[in-house]
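Down below is the structure, laid out as structure tokens.
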Amino acid sequence: MQSIESPYFAAVDLGSNSFHMIICRVNQDTVETVDRVKDMVQIARGMQSGTIAADAQERALQCLKRFAERLRGIPAAQVRAVGTKSLRSAKNARGFLRDAEQALGHPIAIISGFEEARLVYKGLAHCVANDNNRRLVIDIGGASTEFIIGRDAEPELLESLNFGCVVFAEKYELKNQVSARGMRAAYLAACADLEVIRPAYLKKGWDIVYGTSGTMRAIADLVAPVDGGAIIRASSLRELSSEVIEDSERVLHSMPKLRKDVLPAGIAVLRAIFDQLKLEKIHVADASLKEGLIYDTIGRFHSVDARYAAVAKLQGQYHIDLAQAERVARTAITFWRQISAPDLPGVSRTKILTWAAQLHEVGLGISHSGHHNHGYYILRHSDLAGFGRYEQQILACLVRAHRKKIHEDRFDGMEKKVRLALLPMLVCLRLAVILHRRREDLQGLPLLTQTNNNYSLIFAKGWLDENPLTTAGLEKEAGYFRETGIELKIMEA
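For the sequence shown, the tail end lands on 508 under our numbering, and the numbers increase by one without skipping.
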């Protein structure tokens with residue numbers, strides 16, 4: 016178990032509608048929420064062109080600077096920040112992300128829709144009783160909506176659909192003036208998207224339904240006089256929709272303006288969900304992605320890291336030779352501990368290198384000659400629980416570059432400083448793969464030394480003559496490295 020420097024953990028959720036921050040304290044076997052902050056930044060607003068608008072960026076950066084003050088003193092390893100749909104899809108996300116990380120003072124991981132759904136379910140599962148009921152969990156965000164079916168702590172079916180209250184409010188002109196036509200258009204669009212998942216979800220079935228978003232809470236508050244505030248019934252939702260169309264100002268007058276602008280679209284989306292999934296009522300829960308992120312982070316300190324399970328799942332799915340994967344991983348990490356390399360903020364280089372070694376043959380069942388390229392595709396595009404997109408990209412690039420020439424395109428358009436940080440990891444991985452070509456353990460590993468970009472691999476006397484095939488492979492490898500500016504000397508003690 017990794018030691019915890021402080022009892023405090025923090026999670027920051029950069030959602031398309033709202034930014035959330037939650038601070039929790041681990042107190043023996045309990046997790047207590049001690050602070051939470053929410054700001055309706057709405058970075059999805061004005062994104063019809065595919066870029067985050069300048070005013071939205073400014074709102075976001077000011078919000079993150081406020082969050083940064085509260086995060087002072089909490090160890091960096093115990094703070095996790097993630098971005099969701101809008102940051103996944105915005106054309107200018109990379110530039111904005113640099114500014115956002117500087118404002119927050121912590122790395123921000125962009126997560127997939129699958130990972131978003133997993134964290135939503137994890138947050139819900141830790142905050143309701145485990146009763147062995149199969150749950151359907153729904154989270155309506157600003158630009159995406161997550162649907163998860165699970166039982167107790169385990170999700171069984173996860174989907175993220177590309178519609179949400181902020182995007183639909185703009186697309187169907189529901190911000191300034193609510194009309195029956197706009198509500199109908201938003202409803203039908205959501206129905207069409209739901210057709211993709213409807214058959215599988217209805218077939219799977221559930222015993223109870225939870226809604227976890229701010230949109231759900233706002234709607235539950237509006238129907239509280241009838242439903243009590245903890246649930247939303249189909250009949251109450253239909254009545255609310257009609258009232259909003261008739262006089263939105265009267266019905267929504269108590270809402271903050273930013274919530275008022277997007278809630279009619281949220282009501283239309285929720286009506287579509289009720290109708291397509293044949294729901295009668297939804298229980299509204301206060302836990303969501305940010306709570307899931309807290310529990311996921313705490314789990315990493317207690318050897319409960321979803322990323323290990325994701326790697327093991329791929330190893331089984333693609334029938335990886337586990338013994339070979341482990342010997343390559345052990346040797347790569349042995350070399351890694353003998354050298355130095357630039358940091359990669361927000362990434363554990365030791366863990367990523369280990370996983371890359373364990374998965375370096377993930378594409379071998381598809382093609383022998385090009386298995387590194389197939390491995391890249393599998394790792395780049397698979398849904399890997401626990402991984403942010405950046406981590407997943409680095410993992411995929413290491414696997415693609417673990418053999419043959421190290422072309423610049425192997426690094427997937429990454430910045431120069433990232434490529435330079437990956438090269439020492441590649442040295443360790445590639446050397447480990449060559450040394451275990453015979454798929455057996457070595458009696459005594461060579462020593463790897465480093466001075467800047469100059470590496471020396473030092474074997475016991477007589478080893479090179481006794482292993483001419485491996486020696487030839489290492490000499491060829493030295494040529495590949497030379498093309499990247501790295502000098503590798505193969506010698507004996």
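Just so you know, even glycine gets a beta-carbon here, dropped at the ideal spot from N, CA and C.
Tell whether a beta-carbon distance below 8 Å holds between residue i and residue j.
i                : j              : result
glycine 494      : asparagine 468 : no
cysteine 4       : alanine 245    : Because residue 4 is not part of the residues shown, which for the chain are 16 to 508, the question remains open.
glutamate 481    : isoleucine 449 : no
tyrosine 202     : isoleucine 163 : no
valine 377       : isoleucine 335 : yes
phenylalanine 24 : valine 52      : no
alanine 344      : threonine 369  : yes
methionine 231   : alanine 283    : no
valine 362       : glutamate 306  : no
valine 97        : glycine 403    : yes
alanine 325      : glutamate 295  : no
leucine 304      : valine 266     : no
serine 194       : proline 90     : no
alanine 239      : proline 357    : no
Straight-line CA distance for residue i to residue j?
i                 : j                 : result
glycine 61        : alanine 71        : 8 Å
valine 46         : leucine 484       : 56 Å
leucine 215       : arginine 445      : It is worth fixing the name first, because residue 215 is alanine in this sequence and not leucine. One C-alpha to the other measures close to 43 Å.
phenylalanine 426 : arginine 434      : 7 Å
cysteine 180      : leucine 359       : 35 Å
glycine 65        : arginine 133      : 26 Å
isoleucine 13     : alanine 140       : Absent from the model: residue 13. The displayed extent of the chain is 16 to 508, so no value can be given.
leucine 394       : valine 299        : 36 Å
lysine 275        : glycine 229       : 12 Å
isoleucine 367    : leucine 273       : 41 Å
leucine 413       : tyrosine 323      : 17 Å
alanine 158       : methionine 55     : 13 Å
alanine 280       : serine 175        : 18 Å
arginine 452      : phenylalanine 289 : 57 Å
glutamine 465     : serine 471        : 6 Å
leucine 79        : cysteine 39       : 18 Å
lysine 186        : alanine 207       : 15 Å
leucine 374       : glutamate 423     : 21 Å
glycine 120       : alanine 508       : 46 Å
lysine 420        : alanine 372       : 18 Å
glutamate 84      : lysine 219        : 45 Å
arginine 113      : proline 122       : 9 Å
glutamine 93      : glycine 477       : 49 Å
arginine 253      : glutamate 261     : 13 Å
glycine 88        : phenylalanine 34  : 21 Å
alanine 475       : histidine 389     : 36 Å
histidine 317     : alanine 200       : 48 Å
valine 224        : histidine 386     : 43 Å
Rounded to the nearest angstrom, how far is the Cβ of residue i from that of residue j, given a contact under 8 Å?
i                 : j                 : result
phenylalanine 350 : leucine 503       : 12 Å between Cβ atoms; not a contact.
phenylalanine 183 : threonine 160     : About 10 Å; that fails the 8 Å criterion.
valine 241        : serine 251        : 5 Å
leucine 76        : alanine 108       : Actually they are not in contact, since the Cβ atoms of leucine 76 and alanine 108 sit about 14 Å apart, beyond 8 Å.
isoleucine 19     : valine 49         : So it is not a contact: roughly 16 Å between Cβ atoms.
asparagine 145    : alanine 168       : 7 Å
alanine 447       : alanine 347       : 4 Å
serine 101        : alanine 59        : 5 Å
glycine 156       : glycine 30        : 6 Å
leucine 329       : serine 382        : Leucine 329 to serine 382, Cβ: 17 Å. No contact.
aspartate 456     : arginine 342      : 6 Å
arginine 95       : alanine 26        : 6 Å
leucine 189       : phenylalanine 129 : About 29 Å separates the two Cβ atoms, so there is no contact after all.
Counting C-beta neighbours from all protein chains within 10 Å, is the total for residue i 16 or more, i.e. buried, or is it exposed?
i             : result
asparagine 32 : buried
alanine 400   : buried
leucine 285   : buried
alanine 124   : buried
serine 355    : exposed
aspartate 311 : buried
alanine 69    : exposed
glutamine 458 : exposed
glutamate 430 : exposed
glycine 380   : exposed
proline 271   : exposed
Quick check on this structure: which residue in the options has the alpha carbon closest to the alpha carbon of residue i?
i              : options                           : result
isoleucine 234 : Trp370, Gly314, Val277 and Glu73  : Val277
lysine 293     : Leu237, Leu151 and Ile409         : Leu151
isoleucine 153 : Trp221, Val94, Gly197 and Ile67   : Trp221
asparagine 191 : Tyr470, Asp424, Val97 and Val259  : Val259
methionine 506 : Thr486, Phe289, Ser382 and Gln353 : Thr486
alanine 416    : Lys432, Tyr392, Tyr405 and Gly403 : Tyr392
aspartate 28   : Asp44, Thr99, Leu86 and Ala91     : Thr99
isoleucine 37  : Ile247, Asp44, Ile381 and Leu86   : Leu86
isoleucine 409 : Met440, Glu188, Arg196 and Ile381 : Met440
glycine 110    : Ile67, Arg74, Asn148 and Glu131   : Ile67
Please find out if some non-hydrogen atom of the ligand FMN comes closer than 7 Å to the beta-carbon of residue i.
i           : result
leucine 479 : Judged by which ligands are present, the structure shown has none, so any question about the ligand FMN falls away.
Closer than 8 Å, CB to CB, is residue i near chain D or not?
i           : result
arginine 85 : No chain D appears in this structure, which consists of one protein chain only.
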